[in-house]
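Read the structure below first, then the notes.
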């Protein structure tokens with residue numbers, strides 16, 4: 001599922017909004033079953049089948065909520081709290097963060113040559129942990 005959308009929708013769920021915000025792509029519900037044969041539908045049948053405005057609004061709201069990043073999100077490898085005091089874990093974390101920065105830079109460079117940038121696996125776009 002996916003739709004064209006909000007400026008904050010750059011993680012994997014953003015694609016859902018990009019596809020689903022156009023109601024015919026992703027109706028939240030249907031009031032009648034779809035036609036069983038080609039050429040048997042009319043404008044009246046279509047209008048009787050598509051969901052009511054409130055159902056569509058509820059579906060769009062759900063897509064909007066799941067597509068946008070929370071205000072307190074942290075990208076992968078970001079650890080604002082210092083949990084380790086030993087040198088070895090600190091070194092490993094710095095190495096990991098350096099590798100993530102390198103991967104992110106490679107993705108950003110590759111995206112410059114693409115007609116539509118692919119940002120979904122960029123470490124800057126991936127949350128450090130699950131958010132609820």
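Residue numbers (UniProt numbering): 1 to 132.
The C-beta atom is built at its ideal place from N, Cα and C for all residues, glycine as well.
With DSSP collapsed to three states, give me the class of residue i.
{"i": "residue 127", "result": "strand"}
{"i": "residue 5", "result": "With a pLDDT of 43 at residue 5, under the threshold of 50, the predicted position of this residue should be treated as unreliable, and no value is reported."}
{"i": "residue 57", "result": "helix"}
Using beta-carbon positions only, say whether residue i and residue j come within less than 9 Å of one another.
{"i": "residue 60", "j": "residue 28", "result": "yes"}
{"i": "residue 34", "j": "residue 49", "result": "yes"}
{"i": "residue 91", "j": "residue 107", "result": "no"}
Distance, Cα to Cα, residue i vs residue j?
{"i": "residue 62", "j": "residue 72", "result": "20 Å"}
{"i": "residue 53", "j": "residue 37", "result": "27 Å"}
{"i": "residue 83", "j": "residue 99", "result": "20 Å"}
{"i": "residue 121", "j": "residue 114", "result": "15 Å"}
Give me the Cβ distance between residue i and residue j, rounded to the nearest whole Å; I'm assuming they're in contact under 8 Å.
{"i": "residue 78", "j": "residue 128", "result": "5 Å"}
{"i": "residue 123", "j": "residue 103", "result": "6 Å"}
Taking 6 Å as the limit between beta carbons, can you name the residues of its chain near residue i, skipping five residues before and five after?
{"i": "residue 117", "result": "111"}
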